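All remarks here apply to the structure that follows.
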Amino acid sequence: MAHGKTLQFGCGHQVCGTNTHISCIYNLVGGYPHSVLYETGKACTKNKDCTTYKGSTCEQADHLCVFTGKPPVPGWFIHFLFAQKCQTQAMNKIRGGENKMCRGNKEMTDPGRKAALEAHNKRRSQLAKGKVRNGKNPNNKNLPTASFMARMEYDCEAEAGAIAYASTCAFKQSPQKDRKGYGENVFVYNAPNAVPADALNAAAKKWWDQIFLDGINWEVVFKQSLRDKKIDQKGFTQMAWANSIKLGCGVQTCGLKSFVVCRYSPAGNVLNQTIYPIGDVCSGCVAACKDTDGLCM
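Taking UniProt numbering, the leading residue of the sequence shown gets 1, the next gets one more, and so forth.
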């Protein structure tokens, strides 16, 4: 903005959901490494003081040199200011496999769906069997085993809602009133046009690993004190919510990043309810249970 030889610029903006993307482009006459930003000295008072560009005149009211000819050096410099980096859904490029599981949702792949489901059920299995450490407790004690932990299944309707919200590039959780009956986890993946499986694996790890940073009460109840913890645990608790059976996820490109959203039904993180019932593995399953993973069918 301050380079003395810059002659032209233009700006634009794009509203993306609740965010705005602003960019300005400048004529690149200067701005090279080790170049002078501007010439020091007294401001112009007459035309002959303006010597940088031949034929310039001095605008005496603001002491700026005015040149209306063609810039002598071609080139442009683009400067971006992001209120949030955002992009529309139309710019999304889905990579990484076929789409047969939810044919009505074209912006997700089967490998992505399978990766999300496996990432959740694998971790829920570890929790059900008492193999997840509870925060940084001095004795490295694990959370108690679960008498009931549902095996999650992939849901196309939940996915459709997740994709729709991911396309807003809001980079934050949606209001509960906009997703009645669904829980939600969100994550920002640091790359555009991400392979869904890669982004979803990274997201699941980030949410689940919250438990290792702090921890939850040993009664595994979603209390207000747990909800409001400084070190957020709500990504973990939603993944670990025993009664959340259906899962659907979306990944959308937003500028230089990708926005990951997963939705859960029934919703978890309900105040004063247990995250999962404590007891012998599989003892609370109504139907079948696979002993090897401790998840109820």
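Backbone N, C-alpha and C define an ideal beta-carbon position, used for all residues, glycine too.
Since this is a predicted model, take the numbers as computed values, not measurements.
Tell me which same chain residues have a C-beta within less than 6 angstroms of the C-beta of residue i, skipping the five on either side of it?
i              : result
alanine 53     : For the sequence presented, residue 53 should be read as tyrosine rather than alanine. Phe67, listed in sequence order.
residue 301    : Outside the shown range of the chain (1 to 297) lies residue 301, about which nothing can therefore be said.
alanine 43     : His63
tryptophan 208 : Arg123, Phe236 and Met239
Please report the straight-line C-alpha distance between residue i and residue j, rounded to a whole angstrom.
i                 : j                 : result
glutamine 8       : cysteine 24       : 11 angstroms
phenylalanine 222 : aspartate 228     : 10 angstroms
asparagine 272    : asparagine 243    : 14 angstroms
aspartate 178     : threonine 168     : 13 angstroms
lysine 100        : glutamate 157     : 14 angstroms
residue 316       : leucine 247       : Outside the modelled stretch of the chain, which goes from 1 to 297, sits residue 316, for which no answer is possible.
alanine 194       : phenylalanine 187 : 13 angstroms
asparagine 201    : proline 111       : 11 angstroms
aspartate 214     : leucine 143       : 13 angstroms
leucine 117       : valine 261        : 13 angstroms
residue 317       : phenylalanine 171 : Outside the shown range of the chain (1 to 297) lies residue 317, about which nothing can therefore be said.
To the nearest whole angstrom, what separates the beta carbons of residue i and residue j, a pair I think is in contact under 8 angstroms?
i              : j             : result
alanine 191    : serine 258    : 6 angstroms
serine 147     : proline 277   : 5 angstroms
isoleucine 245 : glutamate 153 : 6 angstroms
I'd like the list of long-range same chain contacts for residue i, defined as Cβ closer than 7 angstroms, with 5 residues on each side in sequence excluded.
i             : result
aspartate 293 : Ser125
glutamate 59  : Val66
isoleucine 78 : Since pLDDT at isoleucine 78 reaches only 47, below the 50 mark, its modelled position is unreliable, and no value is offered.
serine 174    : Tyr165 and Glu184
Helix, strand or coil for residue i per DSSP?
i                 : result
histidine 120     : helix
phenylalanine 212 : helix
arginine 151      : coil
isoleucine 163    : helix
leucine 256       : coil
cysteine 24       : strand
cysteine 156      : helix
threonine 40      : coil
lysine 5          : coil
threonine 57      : strand
alanine 240       : helix
alanine 288       : coil
Can you list, in chain order, the residues of its chain whose CB lies under 8 angstroms from that of residue i, leaving out five sequence neighbours each side?
i              : result
asparagine 269 : Gly183, Phe222, Arg227, Lys234, Thr237, Gln238 and Trp241
glycine 4      : Gly30, Val36, Leu37, Tyr38, Glu39 and Thr52
methionine 108 : Ile94, Asn99, Cys102, Glu159, Ile163, Pro196, Cys249, Gly250 and Val251
message: Threshold first: 3 residues or longer. Then list the beta strand (DSSP E) segments lying entirely within the UniProt region "Disordered" (121-144), N to C.
response: Within the UniProt region "Disordered" (121-144), no complete beta strand (DSSP E) run reaches 3 residues.
message: Could you tell me which whole beta strand (DSSP E) segments of length 3 or greater appear in the stretch 259-286?
response: Listed in chain order, the beta strand (DSSP E) elements of length 3 or more contained wholly in the stretch 259-286 amount to none.
query: Counting only runs that start and end within the stretch 181-208, where is the beta strand (DSSP E) found for 3 or more residues in a row?
result: Runs found: 183-189.
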